[in-house]
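Counted from 1, the sequence shown has number 46 at position 31 by our numbering; the numbering is strictly sequential.
Remarks on the structure that follows.
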Amino acid sequence: MVNIYFKGQFLNSSRNKGINTNALATTVKHQFENVFNTSFAKDKDGPTITVTATAEITSIDNKDQLAKDATLFDVRDSEPCNDQKRKLH
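Spelled out as structure tokens, the structure:
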């Protein structure tokens, strides 16, 4: 059995404070847990290994609230994608 624990925090430094970082944090938590919560056979005749994952991801308003043991995700504004820039020359 392998246990994975991940702690992260979202900081919304976007000019548009309408981004719901609580919903974003919940989505990332579920995706992280879904990716890592699995069981698989070590090899054809080997034992099954079970991996359990737990994520604690929260939203914060400023960097002063960052927990010392958390990974910081910074939600920023990004420029719209320009299709012309993506074309290969």
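Note that the Cβ used here is the ideal one computed from N, Cα and C, for glycine as well.
Since this is a predicted model, take the numbers as computed values, not measurements.
**Study point:** Local Cβ density within 10 Å of Ile-64, reported as buried at 16 or more and exposed below that
**Key:** exposed
Point to revise | Strand pairing of Asn-35, partner residues [DSSP] | key: In the DSSP output, where bridge partners are listed per residue, Asn-35 has none listed.
Point to revise | Inter-residue spacing [alpha-carbon to alpha-carbon] between Ala-40 and Leu-87 | key: 11 Å
**Study point:** Of the listed residues Asp-76, Ala-85, Leu-81, nearest to Asn-35 (C-alpha basis)
**Key:** Asp-76
Review point. Taking Cβ positions, are Ile-19 and Val-43 nearer each other than 7 Å?
Key: no
Exercise for review: Classify Lys-22 as helix, strand or coil using the three-state DSSP reduction.
Suggested key: strand
Check your understanding: Which residue or residues does DSSP assign as beta-bridge partners of Phe-55?
Key -> Ile-64
Check your understanding: Quick one: does Ile-75 have its CB under 7 Å from some CB of chain D?
Key -> No chain D appears in the structure shown, which is made up of a single protein chain.
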